[in-house]
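Counting the sequence shown from 1 gives a position; the working numbering is that position plus 121.
Beta carbons are placed, not taken as given, at the ideal position from N, Cα and C, and that holds for glycine.
This report concerns only the one structure given below.
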Amino acid sequence: MTTLQAIEKIESPCYNQNDIDTQIEAYQYLIDNGIIWKLQGRFGRVAANLIEDKVCTNPRAYFLNPDII
Numbered sequence: 122m123t124t125l126q127a128i129e130k131i132e133s134p135c136y137n138q139n140d141i142d143t144q145i146e147a148y149q150y151l152i153d154n155g156i157i158w159k160l161q162g163r164f165g166r167v168a169a170n171l172i173e174d175k176v177c178t179n180p181r182a183y184f185l186n187p188d189i190i
């Protein structure tokens, strides 16, 4: 997956659970690469909520505090 493909998957409307799973996968890809934090604010806010809800993981969090995972 490329950055552009991930953003396109996030931008596409969700019609079923498979679409939602694809969007979550795209968010995780962008989080893993740190790109999500450089995009428009709403992308970062959604990503932060997904991490807080433990839908996605923040790979950098382990290096900051290994006890939180």
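Residue i and residue j: beta carbons closer than 8 Å?
{"i": "L171", "j": "I145", "result": "yes"}
{"i": "G165", "j": "I156", "result": "no"}
{"i": "I128", "j": "C135", "result": "no"}
{"i": "A168", "j": "Y150", "result": "no"}
Within 10 angstroms of the Cβ of residue i, are there 16 or more other Cβ atoms? Answer buried if so, exposed if not.
{"i": "I131", "result": "buried"}
{"i": "Q138", "result": "exposed"}
Can you find a CB in chain D that lies within less than 8 Å of the CB of residue i?
{"i": "Y150", "result": "Checking the listed chains, one finds no chain D in this structure; it contains a single protein chain."}
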